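Enquirer: All the letters of the sequence shown, read from the start, carry residue numbers 0 to 385 under numbering that gives the first Met the number 0. The beta carbon of each residue, even a glycine, is placed where N, CA and C say it ideally should be. It should be emphasised that the depicted structure is a prediction, and the values quoted were computed from it without experimental measurement.
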Amino acid sequence: MASPSLKRGAGHLSTPAADAKKSKANGSITSFFGAPKSSPTATATTKTAAPARVSSSFNKQKWVATLTAEQKELLQLEIDTMDESWLAHLKEEIVKPEFLALKRFLQKEKQSATVFPPEEDIYSWSRHTPLHSVKVVIIGQDPYHNYNQAHGLAFSVRPPTPAPPSLVNIYRGITNDYPSFQIPPNKGGLLTPWAERGVLLLNTSLTVRAHQAASHSNKGWERLTQKAIDIVTRVRTRGVVFMAWGAHAGKRVTGINSDKHCILQSVHPSPLSVHKGFLQNQHFKKCNEWLAERYGSDGVIDWSLTAAKEKTFTAPLAVVQSSSVVVNKSTASPSQDGNRTVTESTKEILVATKANTSTQDDDEFDEDLDALEALAAATDESSSKS
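1) When you compare the region 188 to 204 with the region 214 to 226, are there three or more beta-carbon pairs, one atom per stretch, that lie closer than 8 Å?
2) From the DSSP output, in three-state form, read off G26 for me.
3) With a Cβ-Cβ cutoff of 9 Å, do S272 and G298 count as a contact?
4) Tell me, to the nearest whole angstrom, how far the beta carbon of V135 is from that of V231; I am working on the premise that it is less than 8 Å.
5) Am I right that E77 and K59 are in contact with their C-beta atoms under 8 Å? What's the rounded C-beta distance?
6) Using CA atoms only, rank isn't needed, just tell me which of L189, H88, W85, W193 is closest to A162.
7) Compare the C-alpha of L130 against each of F98, V114, L89, H150 and name the closest.
8) Let me know the secondary structure DSSP gives N175 once reduced to three states.
9) So what's N287 in DSSP terms, helix, strand or just coil?
10) With a threshold of 7 Å on Cβ separation, who are the neighbours of F104 within its own chain once the five nearest residues in sequence on each side are excluded?
11) Do you know offhand how far H247's Cα is from A153's?
12) Compare the beta carbon distance of D141 and H215 with 9 Å and say whether it is the shorter of the two.
13) If you draw a straight line from the alpha carbon of V341 to that of M242, how long is it in whole angstroms?
14) On the CB-based measure, 16 or more other CB atoms within 10 Å of its CB, does N185 come out buried or exposed?
15) Taking V114 as the reference, give the member of F98, Y143, A87 with the closest Cα.
16) Work out the CA separation of R237 and V167 for me, nearest whole Å.
17) Report the residue ranges of all beta strand (DSSP E) runs contained in full by the region 226 to 303; include only those spanning at least 3 residues, in chain order.
18) Using a 10 Å radius around the Cβ and a threshold of 16 neighbouring Cβ atoms, would you call Y146 buried or exposed?
19) Leaving aside the five residues before and after W85 along the sequence, list all residues of the same chain whose C-beta is less than 6 Å from its C-beta, in chain order.
20) With DSSP run on the structure shown, which of helix, strand or coil describes F98?
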């Protein structure tokens with residue numbers, strides 16, 4: 000069988016009608032996730048155009064006119080740089096005392112320290128992936144805290160910065176699902192193509208002090224980003240795939256309706272935990288299989304980051320019907336990775352490895368940064384000795 004496609008293409012995906020003729024042994028995803036209500040725009044045989052911008056009664060100018068002078072000053076960045084599709088739904092959240100306190104904190108931080116990402120990039124996720132285009136959410140934790148790295152998209156780095164260790168492992172995971180995947184030139188880590196195809200790359204904390212990981216955690220960002228996740232679950236009624244890697248991200252998806260959305264959980268791709276099942280979780284392939292059922296053949300995500308030629312797409316994976324939270328069966332034994340036992344009594348499937356709840360996972364966001372800093376320190380030390 001030919002290698003699965005990285006890209007969307009109607010000719011390379013089996014339609015729900017064709018799948019219905021297959022035996023259950025062939026693994027029709029609809030039988031596990033449940034087919035969406037019939038809609039002329041929801042069939043796999045109909046090409047799905049890029050989502051139209053959702054009409055809204057939100058009038059930005061009128062809303063700004065209701066703000067106090069202090070609110071306007073504190074929220075100028077949100078007013079100027081947050082995409083209106085998101086601002087229309089987050090406007091009540093950002094005028095709350097907790098968020099305004101966060102903005103005052105950031106004002107003081109900028110007076111005494113460097114803050115990443117650059118101010119104009121803090122909400123780049125909202126502009127690259129407007130609310131009406133979201134089909135996948137990948138949850139990160141903390142922005143990279145060195146120069147020329149963070150630019151507002153989780154796991155992504157600016158060129159010419161090479162992909163950090165966790166992103167390298169993400170590439171390895173994609174390659175396992177799609178052997179035709181090619182690492183970007185110069186080992187790059189810029190993920191804006193994914194964001195522009197409907198993959199929301201959202202850190203739960205949107206800023207960080209330079210060289211101090213998690214320095215802005217628990218300052219107020221988590222309320223806003225959780226609200227953004229909640230908005231996606233409510234507004235994107237056709238369903239969204241959530242990829243939650245590690246314990247921290249897993250906590251962000253606990254309340255999501257898994258009848259309506261697809262939740263893929265796994266250990267984090269950090270080198271500290273990647274060997275516990277991440278490379279075998281097949282999240283990228285499973286994501287596209289689920290999206291093909293919900294959105295049609297044009298709804299799948301093109302995971303490529305180069306101009307690679309399109310390959311064919313294989314039939315959906317055979318999956319096991321089991322529990323209500325979606326989890327993968329790992330190749331490791333339960334004693335090694337703590338995977339839950341699969342039961343046959345429930346109506347949903349497990350499609351992700353159970354998140355590791357060790358203290359290592361709590362510190363997973365730090366690992367990539369430490370690796371980069373160690374490399375820089377070694378280079379400096381070598382230079383000083385020469």
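Expert: In short, the structure shows the following:
1) yes
2) Along the sequence shown, read from residue 1 onward, the residue named residue 26 stands at position 27. For G26, the predicted structure reports a pLDDT of 36, less than 50, and the residue's modelled location is therefore unreliable. The matter cannot be settled from this model.
3) Mapped onto the sequence shown, residue 272 falls at position 273. Mapped onto the sequence shown, residue 298 falls at position 299. Not a contact, by the Cβ cut-off of 9 Å.
4) For the purposes of this step, residue 135 is taken as residue 136 along the sequence shown, with counting starting at 1. For the purposes of this step, residue 231 is taken as residue 232 along the sequence shown, with counting starting at 1. Actually they are not in contact, since the Cβ atoms of V135 and V231 sit about 10 Å apart, beyond 8 Å.
5) The residue labelled residue 77 in the question sits at position 78 within the sequence shown. The residue labelled residue 59 in the question sits at position 60 within the sequence shown. Not confirmed; about 11 Å, so no contact.
6) What you label residue 162 is simply residue 163 of the sequence shown in a count that begins at 1. Here the closest residue by C-alpha is L189.
7) Here residue 130 refers to the residue found at position 131 when the sequence shown is read from its first residue. Among F98, V114, L89, H150, the Cα nearest to that of L130 belongs to L89.
8) By one-based count along the sequence shown, residue 175 stands at place 176. Of the three classes helix, strand and coil, the one that applies to N175 here is helix, per DSSP.
9) Here residue 287 refers to the residue found at position 288 when the sequence shown is read from its first residue. N287: helix per DSSP, three-state reduction.
10) Reading the sequence shown from its first residue, position 105 is the one you call residue 104. Around F104: K218.
11) Within the sequence shown, the letter at position 248 stands for residue 247. Within the sequence shown, the letter at position 154 stands for residue 153. Straight through space, the alpha carbons of A153 and H247 are spaced by roughly 14 Å.
12) Counting from one through the sequence shown, the residue named residue 141 turns up at place 142. Counting from one through the sequence shown, the residue named residue 215 turns up at place 216. Their beta carbons are under 9 Å apart, which means D141 touches H215 by this criterion.
13) The sequence position of residue 341 within the sequence shown is 342, counting from 1. The sequence position of residue 242 within the sequence shown is 243, counting from 1. Bear in mind that a pLDDT of 27 at V341, under 50, signals an unreliable position, so the model cannot answer this.
14) Taking the sequence shown and counting its residues from 1, one reaches residue 185 at position 186. Exposed.
15) On the sequence shown, residue 114 is found 115 positions in, with the first residue counted as 1. For the residues F98, Y143, A87, the minimum Cα distance to V114 belongs to Y143.
16) Taking the first residue of the sequence shown as position 1, residue 167 is located at position 168. Taking the first residue of the sequence shown as position 1, residue 237 is located at position 238. Approximately 31 Å, taken between the alpha carbons.
17) 240 to 244, 261 to 265
18) Your numbering for residue 146 matches position 147 in the sequence shown. Flag for Y146 reads exposed.
19) Your numbering for residue 85 matches position 86 in the sequence shown. Cβ within range, chain order: S125, L130.
20) For the purposes of this step, residue 98 is taken as residue 99 along the sequence shown, with counting starting at 1. Helix, per DSSP.
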